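Sequence order for the protein chains is G and W.
Throughout the first sequence, residue numbering follows this note's numbering, covering 9 to 253 in sequence.
Throughout the second sequence, residue numbering follows this note's numbering, covering 9 to 253 in sequence.
Written out below as structure tokens is the structure these notes cover.
Protein chains: 2
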Amino acid sequence: MTSAPGTLYGVGVGPGDPELMTLKAARCIANVPVVAYFAARRRPSNARRIAAGLITAGHTELLFEYPVTTEVLAAEDSYEDLLLGCYDESAARVEAELVAGRDVAVLCEGDPLFYGSYMYIHNRLAARFTTRVVPGISSLTAGAAAIARPLACGDELLSVLSGVMSTDDLKQALVACDAAVIIKIGRNLTKVREVIESVGLIDRAWYVERASHEAEVCAPLADADASRAPYFSMIVIPSAVAGLR
Amino acid sequence: MTSAPGTLYGVGVGPGDPELMTLKAARCIANVPVVAYFAARRRPSNARRIAAGLITAGHTELLFEYPVTTEVLAAEDSYEDLLLGCYDESAARVEAELVAGRDVAVLCEGDPLFYGSYMYIHNRLAARFTTRVVPGISSLTAGAAAIARPLACGDELLSVLSGVMSTDDLKQALVACDAAVIIKIGRNLTKVREVIESVGLIDRAWYVERASHEAEVCAPLADADASRAPYFSMIVIPSAVAGLR
């Protein structure tokens with residue numbers, strides 16, 4: 009007799025403060041036999057660190073190591089292939105647990121479906137296994153909370169941009185929106201800041217690093233130190249009028 | 009001797025499922041002596057309903073009633089004034105508690121700084137009182153979780169739009185982005201759907217109502233019933249390629 013297949017859970021653990029996990033995420037992690045998470049090679053997993061208080065010796069842990077850090081080798085031709093292989097292998101390891109009847113929670117910093125790696129596992133398995141997504145606090149709202157400024161209201165257009173975008177694309181998107189959050193800043197900080205200055209938004213822009221972590225840094229973008237911005241830093245440009253009536 | 013002023017907490021209680029509150033929100037609500045929330049006139053407060061399991065007889069409750077529902081009278085000249093008066097009065101009631109030394113948690117459906125009413129309290133008081141914002145799961149990530157589809161990845165442009173926007177503004181924004189969430193649908197559904205059809209996105213668009221509630225409804229937008237969409241329904245248009253490598 010074979011057991012019924014396990015359920016795949018994509019679990020957002022939020023931006024960094026373990027207390028910013030949802031009650032549902034905490035319950036799910038405590039109840040599943042297997043937790044899985046991505047990490048940069050030879051670096052601790054951010055998602056695991058956030059959930060550490062809930063992981064016990066009774067859990068089986070699956071670590072998915074990225075072949076290399078995205079930032080360093082993104083320009084190499086072979087990087088896409090390496091990443092594809094990493095996702096295929098990670099999904100196969102999750103699948104083996106599900107087939108054996110064990111539920112698996114894939115832990116995701118922030119939200120599972122918002123610019124994260126969980127989606128690659130999801131798209132390889134969701135059609136064949138029962139799947140549940142537990143949303144998490146994304147960097148979008150964590151960043152707004154960090155600077156304690158209303159992000160957008162009413163019929164305003166709020167855009168999520170990436171520091172990886174070209175100068176022209178960034179400029180065009182910033183001019184078209186009322187408020188913006190730019191993620192994946194890192195070594196793109198100088199470029200992105202120049203674009204923001206060129207469209208006259210520098211006075212409204214905030215640099216936010218490690219939102220909600222103990223080591224959180226918030227500063228007006230004009231004052232941010234471009235020499236040390238980590239990949240997961242961001243820029244928040246709140247609406248000029250949100251909540252100001 | 010007068011006591012030190014209380015702290016203002018803007019607390020996101022998430023999209024509807026009480027388990028989608030964060031651990032921090034739950035602790036904050038349990039610990040403050042005063043909880044406050046907005047509600048449409050003579051209607052139960054959504055935010056209070058979500059947090060109901062944490063509110064005890066020991067809490068003082070402040071109910072802020074909107075003068076009328078936004079949808080019905082938004083076109084009237086006087087509505088802005090009525091709303092302004094409501095925000096002024098609500099902030100004054102919070103201020104009285106803070107001055108008396110009591111901490112106040114203003115409960116907000118979704119996230120406090122993402123298209124919500126908390127920002128009007130915040131902007132009236134944050135400069136004068138210690139203020140903490142506890143981010144919440146927004147409709148953005150709750151909607152993606154409801155349809156269980158990756159929203160955006162890599163360097164994609166994700167936009168948050170409002171059903172209140174004009175046809176031209178909606179069209180322009182939809183053409184410019186890779187993925188979109190359109191909030192405040194309600195009676196704008198027919199208009200918004202026509203725009204989405206006109207830009208060729210109807211096959212990717214999902215209608216989501218009451219994400220994460222027991223009464224959640226998800227349907228391909230083409231099949232959604234325009235005669236009954238509530239104000240807090242939304243449309244999710246995930247990226248065409250997120251997670252598909």
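Cβ coordinates follow ideal geometry from the N, Cα and C atoms, glycine included.
This structure is a prediction, so every number in the text was calculated from the model and none was measured.
Inset, instruction - Give the single residue among G:Thr-198, G:Val-102 and G:Asp-96 whose Cα lies nearest to the Cα of Val-112 (chain G). - result: G:Val-102
Legend entry - Residue nearest to Ala-152 (chain W) in terms of C-alpha spacing, selected from G:Arg-56, G:Tyr-123 and G:Leu-91: G:Tyr-123
Inset, instruction - Run through the segment 31-111 of chain W for me and flag every whole beta strand (DSSP E) of 3 or more residues, listed as ranges in chain order. - result: 42-47 and 68-73
Legend entry - Other residues of its chain near Arg-132 (chain W): CB distance less than 6 Å, five sequence neighbours each side excluded: Ala-99
Legend entry - Anticipated Cβ contact below 8 Å, Leu-16 (chain G) with Ala-134 (chain G), distance rounded: 7 Å
Legend entry - DSSP state of Ala-160 (chain W) mapped onto helix, strand, coil: strand
Inset, instruction - Run down chain W in chain order and give the residues with a C-beta less than 8 Å from the C-beta of Cys-226 (chain G). - result: Simply none; closest approach about 12 Å.
Inset, instruction - Measure the C-alpha to C-alpha separation of Met-29 (chain W) and Thr-68 (chain W) and round it to an integer number of angstroms. - result: 21 Å
Legend entry - Chain-ordered chain G contacts of Ala-160 (chain W) [CB-CB under 8 Å]: Phe-122, Tyr-123 and Val-168
Legend entry - Inter-residue Cα distance where the pair is Leu-115 (chain W) and Leu-71 (chain W): 10 Å
Legend entry - DSSP three-state assignment for Thr-139 (chain W), whether helix, strand or coil: strand
Inset, instruction - Check Tyr-128 (chain W) in the structure and name its three-state DSSP category. - result: helix
Inset, instruction - Tell me, please, whether the CB atom of Val-249 (chain G) is closer than 8 Å to any CB atom in chain W? - result: no
Legend entry - Under 8 Å from the C-beta of Met-242 (chain G): neighbouring residues of chain W: Those within 8 Å of Met-242 (chain G) in chain W number zero; the least Cβ separation is about 13 Å.
Legend entry - DSSP-derived helix/strand/coil call for Pro-13 (chain W): coil
Inset, instruction - Go through its chain and collect everything with a Cβ distance to His-221 (chain W)'s Cβ below 6 Å, but skip five positions before and after it. - result: Gly-24
Legend entry - Start-to-end residues for the alpha helix (DSSP H) that takes in Val-225 (chain G): Element bounds for Val-225 (chain G): not the alpha helix (DSSP H) but the beta strand (DSSP E), 225-228.
Legend entry - Residue interval of the beta strand (DSSP E) (run including Leu-169 (chain W)): 166-170
Legend entry - Reduced DSSP category for Ala-234 (chain G) - H, G, I as helix; E, B as strand; rest coil: coil
Inset, instruction - Determine the closest residue to Ala-250 (chain W) out of W:Gly-109, W:Arg-56 and W:Ala-187, with distance taken between C-alpha atoms. - result: W:Ala-187
Inset, instruction - Check whether the segment 55-69 of chain W touches the segment 29-45 of chain W, counting contact only when three or more Cβ pairs, one atom from each stretch, lie closer than 8 Å. - result: yes
Inset, instruction - Check the Cβ of Asp-176 (chain W) against every Cβ in chain G and list those closer than 9 Å, keeping chain order. - result: Within chain G, no residue comes near Asp-176 (chain W); the closest Cβ sits about 13 Å away, beyond 9 Å.
Inset, instruction - Using a Cβ cut-off of 8 Å (strictly closer), state whether Ala-153 (chain G) contacts chain W. - result: yes
Inset, instruction - To the nearest angstrom, report how far apart Leu-31 (chain W) and Ser-206 (chain W) are at their CA atoms. - result: 43 Å
Inset, instruction - Consider the Cβ of Leu-70 (chain G): report whether some Cβ of chain W lies at a distance smaller than 8 Å. - result: no
Inset, instruction - Take the Cβ of Glu-97 (chain W) as the centre, count every other Cβ of all protein chains shown within 10 Å, and call the residue buried at 16 or more, exposed below. - result: exposed
Inset, instruction - Taking Ile-190 (chain G) as part of the alpha helix (DSSP H), name the residues at either end of that continuous run. - result: Here Ile-190 (chain G) belongs to no alpha helix (DSSP H); instead the beta strand (DSSP E) covers 187-191.
Inset, instruction - Grab the span of the alpha helix (DSSP H) containing Ile-155 (chain W) for me, first residue to last. - result: 147-155
Inset, instruction - Check the Cβ-Cβ distances between Lys-32 (chain W) and every residue of chain G, and say whether any is below 8 Å. - result: yes
Inset, instruction - Would you please state the rounded distance, in angstroms, between the beta carbons of Ile-37 (chain G) and Pro-143 (chain W)? I believe it to be under 8 Å. - result: Not confirmed; about 20 Å, so no contact.
Inset, instruction - Would you grab the beta carbon distance between Ala-33 (chain W) and Gly-18 (chain W) for me? Rounded to a whole angstrom, and I think it's under 8 Å. - result: So it is not a contact: roughly 10 Å between Cβ atoms.
Legend entry - CB contact check: Ser-206 (chain G) to chain W, cutoff 8 Å: no
Legend entry - Under 8 Å from the C-beta of Gly-144 (chain G): neighbouring residues of chain W: Ile-145 and Thr-149
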